[in-house]
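Since the structure comes first, as structure tokens, the remarks are kept for the end.
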Amino acid sequence: MSQKIKAANSGGAAPGGNEKEMVQKSVTAVPSVPLPPKRFQLLKELSDLVTLCRSISFIDFPMSSKSQNPWELCSFHETLAVRLAGESPGDFVNHNKHFLSRVYPSPMRIDSSNMNPQDLWKCGCQIVSMNFQTAGLMMDLNTAWFRQNGNCGYVLRPAIMRQEVSYFSADTRDTVPGVSPQLLHVKVISGQNLPKPRGSGAKGDVVDPYVYIEIHGIPADCTERRTRTVTQNGDNPVFDESFEFQINLPELAMVRFVVLDDDFIGDEFIGQYTIPLECLQPGYRHVPLQSLTGEELPHAKLFVHVALTNRRGGGKPHKRGLSVRKARKGRNYAALRDLGVRAVDEVFKMASPPLRDATDLRENMQNSVAVFRDLCGVSVAANLMQCVLALGSRVSGPDGSPLLLFDLRDHYPALDPQGPLPDVLRRVVSTYEMMVQASRAVIELSDGIYDRILHIQTMAMEFHEKLQSLAEKEGLRGRKVSRALESFSWNITILKGQADLLKHAKAEVQENMKQVHDAALTGNLTKESIGIKRVRSQTRRGQDE
Numbered sequence: 300m301s302q303k304i305k306a307a308n309s310g311g312a313a314p315g316g317n318e319k320e321m322v323q324k325s326v327t328a329v330p331s332v333p334l335p336p337k338r339f340q341l342l343k344e345l346s347d348l349v350t351l352c353r354s355i356s357f358i359d360f361p362m363s364s365k366s367q368n369p370w371e372l373c374s375f376h377e378t379l380a381v382r383l384a385g386e387s388p389g390d391f392v393n394h395n396k397h398f399l400s401r402v403y404p405s406p407m408r409i410d411s412s413n414m415n416p417q418d419l420w421k422c423g424c425q426i427v428s429m430n431f432q433t434a435g436l437m438m439d440l441n442t443a444w445f446r447q448n449g450n451c452g453y454v455l456r457p458a459i460m461r462q463e464v465s466y467f468s469a470d471t472r473d474t475v476p477g478v479s480p481q482l483l484h485v486k487v488i489s490g491q492n493l494p495k496p497r498g499s500g501a502k503g504d505v506v507d508p509y510v511y512i513e514i515h516g517i518p519a520d521c522t523e524r525r526t527r528t529v530t531q532n533g534d535n536p537v538f539d540e541s542f543e544f545q546i547n548l549p550e551l552a553m554v555r556f557v558v559l560d561d562d563f564i565g566d567e568f569i570g571q572y573t574i575p576l577e578c579l580q581p582g583y584r585h586v587p588l589q590s591l592t593g594e595e596l597p598h599a600k601l602f603v604h605v606a607l608t609n610r611r612g613g614g615k616p617h618k619r620g621l622s623v624r625k626a627r628k629g630r631n632y633a634a635l636r637d638l639g640v641r642a643v644d645e646v647f648k649m650a651s652p653p654l655r656d657a658t659d660l661r662e663n664m665q666n667s668v669a670v671f672r673d674l675c676g677v678s679v680a681a682n683l684m685q686c687v688l689a690l691g692s693r694v695s696g697p698d699g700s701p702l703l704l705f706d707l708r709d710h711y712p713a714l715d716p717q718g719p720l721p722d723v724l725r726r727v728v729s730t731y732e733m734m735v736q737a738s739r740a741v742i743e744l745s746d747g748i749y750d751r752i753l754h755i756q757t758m759a760m761e762f763h764e765k766l767q768s769l770a771e772k773e774g775l776r777g778r779k780v781s782r783a784l785e786s787f788s789w790n791i792t793i794l795k796g797q798a799d800l801l802k803h804a805k806a807e808v809q810e811n812m813k814q815v816h817d818a819a820l821t822g823n824l825t826k827e828s829i830g831i832k833r834v835r836s837q838t839r840r841g842q843d844e
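Plus 299 on top of the position in the sequence shown (first one is 1) and you've got the working numbering.
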């Protein structure tokens, strides 16, 4: 600064002594203040989105709901987080619908061991810190969970944990309201190239493998099953065992395949692979095994068959000959709870007829599919394409011509007899007609019932903001008010869940009819294909003559 001022005044007529004083005064007059940072104008709406999470102390759930801002994050000590998950799982889930929660390991873990992240994920905690340097079951669960969504590091929580009004408790040991349980069928067929455990002794060079299948999720889903041991065979052991698991909340469930050595010294672990249930693909699959530290074991695999069915349609069908009306006697309909608030209860009572209709539509269709599948002689995990193809091998008459053919001119393929039928095939035709009738009812009636259920849900949600004051006006106090709020969340969850199940049933029917259509074409079980065969046969006959 001073050099520039001197240069500027060097051409003046002032005497040399005064020039020095003038320069000093000029330097004093111009303070060396840094330039202010350059600022950009932003729209307020955009500026409000540009925020950084600020960590604050957690006091309790009521205080957070009143004073915590959405951009503020609570850091939970592992001990506190686990205690809240055990004592107040519902409040913890509701807290995490609106705020971010970060959980860090206890300092008492001097061995760098890991907590179970799923205990906190099922409460909605978004950030669960792990000691990545320590391998084992907990890191297997963490690694597997984030394989979802392209392994980008972000996984969307289940809808029931995100909706403003929903009933979900992380420690539930029963079915989840509004969520249809799934049946997971796993057949462990064989293994390939199973190595000897890395930390085992020198007792033998050949392993005696067996397989554990573990289900990790909400308490109602956690279980494990094991195969028998195959002795002295690590190259190609054949297990050939089937297992069935009921999964009550599929979106939070993970499946873990663990291969162990039954004849070991020091270490029994051969390999494992963990995968979210939502990522499991049906059919015959090779499961690549990984080491304890997560590295893939070269050429070591399990060969399995996987199928997912719904609990109603995939189980044992009703006794043959039962009418739909008789089958309804043992049917469990979704039940809504009374709040004790007259205006709200009147709205929820309107939902009983459409909820019953929705359940009848779904279960009539699923039961008829189950009976038809049973008559076709296929497993409960088979789809309708496999049913029709299996049926095609049993419908030939003495002269080799088919006794049953499909008419594909309608959206719902018709099964037409081509002559006198034995009793078994007559039952097949009548059962198929019942299945088509139930499927047609789902397609034609489901949209109207779906709209009625959602309309009632919308009407009920109008009471949400003022529900507490309405309950107090009705004379409810203390625990009764809390129970009314809980029942309201239960009912809303039931309505939303039953509407979603009905929508999925419609999609299932459309897929079923497409499979029947494709299987009839593939198996040459259509009237058109038989007509073409006859024309070709007559043409060949004429050419030969």
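All C-beta atoms, glycine included, are put in the ideal place defined by N, C-alpha and C.
Inset, instruction - Can you give me the start and stop residues for the alpha helix (DSSP H) that Y749 sits inside? - result: Looking up residue 749 in the sequence shown gives position 450. Segment 722-760, the alpha helix (DSSP H) holding Y749.
Inset, instruction - State yes or no: is the C-beta of E513 within less than 7 Å of the C-beta of V640? - result: The residue given as residue 513 occupies position 214 in the sequence shown. The residue given as residue 640 occupies position 341 in the sequence shown. Cβ atoms of E513 and V640: not closer than 7 Å.
Inset, instruction - Return the CA-CA distance between L493 and V586, expressed in angstroms with no decimal places. - result: In the sequence shown, residue 493 corresponds to position 194, counting from 1. In the sequence shown, residue 586 corresponds to position 287, counting from 1. If you take the alpha carbons of L493 and V586, they lie about 12 Å apart.
Legend entry - Minimum C-alpha distance to I426 - residue among W444, T433, S412: For this step, residue 426 is matched to residue 127 along the sequence shown. Selection W444, T433, S412 evaluated against I426 yields W444 as nearest (Cα-Cα).
Legend entry - CB of K826 within 7 Å of CB of D706, strictly: As a working mapping, residue 826 is identified with position 527 in the sequence shown. As a working mapping, residue 706 is identified with position 407 in the sequence shown. In this structure, D706 lies closer than 7 Å to K826 by Cβ.
Inset, instruction - Would you kindly report the start and end of the unbroken beta strand (DSSP E) that includes I512? - result: Along the sequence shown, read from residue 1 onward, the residue named residue 512 stands at position 213. From DSSP, the beta strand (DSSP E) with I512 extends over 508-515.
Inset, instruction - Please state if the CB of L579 and the CB of V603 are separated by a distance shorter than 7 Å. - result: Translated into positions along the sequence shown, residue 603 becomes position 304. Translated into positions along the sequence shown, residue 579 becomes position 280. Contact: no.
Inset, instruction - Please list the segments of the alpha helix (DSSP H) lying wholly inside the stretch 426-502, counting only runs of 4 or more residues, in order along the chain. - result: 436-444
Legend entry - Beta-bridge pairing of Q589 - partner residues as DSSP gives them: By one-based count along the sequence shown, residue 589 stands at place 290. Beta bridge pairing from DSSP links Q589 with Q571, E595.
Inset, instruction - Would you kindly report the start and end of the unbroken beta strand (DSSP E) that includes R555? - result: To locate residue 555, count along the sequence shown from 1; it is residue 256. Segment 553-560, the beta strand (DSSP E) holding R555.
Legend entry - C-beta atoms of L607 and N790 nearer than 7 Å: To locate residue 607, count along the sequence shown from 1; it is residue 308. To locate residue 790, count along the sequence shown from 1; it is residue 491. No.
Inset, instruction - Could you tell me whether any Cβ in chain B is nearer than 7 Å to the Cβ of G796? - result: Chain labels in this structure do not include chain B; a single protein chain is all it has.
Legend entry - Close-in-space but distant-in-sequence residues of the same chain around R456 (CB under 7 Å, 5 per side omitted): Counting from one through the sequence shown, the residue named residue 456 turns up at place 157. Answer for R456: G423, listed in chain order.
Inset, instruction - Tell me whether L703 sits in a helix, a strand or coil according to DSSP, three-state version. - result: Here residue 703 refers to the residue found at position 404 when the sequence shown is read from its first residue. Three-state DSSP puts L703 in a strand.
Inset, instruction - Grab me the residues of N609's own chain with a C-beta within less than 8 Å of its C-beta, minus the 5 sequence neighbours each way, in chain order. - result: Looking up residue 609 in the sequence shown gives position 310. Here the set comprises S479, P480, Q481, L482, Q665.
Inset, instruction - Give the straight-line distance between the Cα atoms of A527 and G796, rounded to the nearest whole angstrom. - result: If you number the sequence shown from 1, residue 527 lands on position 228. If you number the sequence shown from 1, residue 796 lands on position 497. The amino acid occupying residue 527 in the given sequence is Arg; Ala does not appear at that position. Those two C-alpha atoms are separated by around 39 Å.
Inset, instruction - Taking 8 Å as the threshold, find out whether the stretch 536-549 comes into contact with the stretch 399-418 through three or more Cβ pairs. - result: no
Legend entry - Nonlocal neighbours in the same chain, by C-beta distance under 6 Å from S622, ignoring five residues either side: Position 323 of the sequence shown, counting from 1, holds the residue named residue 622. Confidence in S622 is poor, its pLDDT being 42 and thus under 50, which makes the residue's placement too unreliable to answer from.
Inset, instruction - Leaving aside the five residues before and after H803 along the sequence, list all residues of the same chain whose C-beta is less than 8 Å from its C-beta, in chain order. - result: Along the sequence shown, one-based indexing puts residue 803 at 504. So the qualifying residues of the chain are S479.
Inset, instruction - Give a yes or no on contact between the stretch 458-477 and the stretch 383-393, applying the rule of three or more CB pairs nearer than 8 Å. - result: yes
Legend entry - Residue nearest to D750 in terms of C-alpha spacing, selected from A650, R672, T792: On the sequence shown, position 451 is the one that residue 750 refers to. Among A650, R672, T792, the Cα nearest to that of D750 belongs to A650.
Legend entry - Strand pairing of Y403, partner residues [DSSP]: Taking the first residue of the sequence shown as 1, we reach residue 403 at position 104. DSSP, once it has assigned bridges, lists H376 as partnering Y403.
Inset, instruction - Decide if W370 is buried, meaning its Cβ has at least 16 other Cβ atoms within 10 Å, or exposed. - result: In the sequence shown, residue 370 corresponds to position 71, counting from 1. Under this definition W370 is an exposed residue.
Legend entry - Minimum C-alpha distance to M758 - residue among P508, V643, G449, A458: On the sequence shown, residue 758 is found 459 positions in, with the first residue counted as 1. Of P508, V643, G449, A458, the residue nearest in Cα terms is V643.
Inset, instruction - Please classify G620: is it buried, with 16 or more other beta-carbons within 10 angstroms of its beta-carbon, or exposed? - result: Reading the sequence shown from its first residue, position 321 is the one you call residue 620. Caution is warranted here: a pLDDT of 39 is assigned to G620, below 50, making its placement in the model unreliable, and no coordinate value can be reported.
Legend entry - Beta-carbon contacts of Q432 that lie in its chain and below 8 Å, excluding the five residues immediately before and after: Here residue 432 corresponds to residue number 133 of the sequence shown, with the count starting at 1. S411.
Legend entry - Chain-order list of residues whose beta-carbon lies under 7 Å from that of D418 (same chain, five-residue window excluded): Position 119 of the sequence shown holds residue 418. If we look at D418 and ignore the five residues flanking it on each side, its Cβ neighbours are V381, A384.
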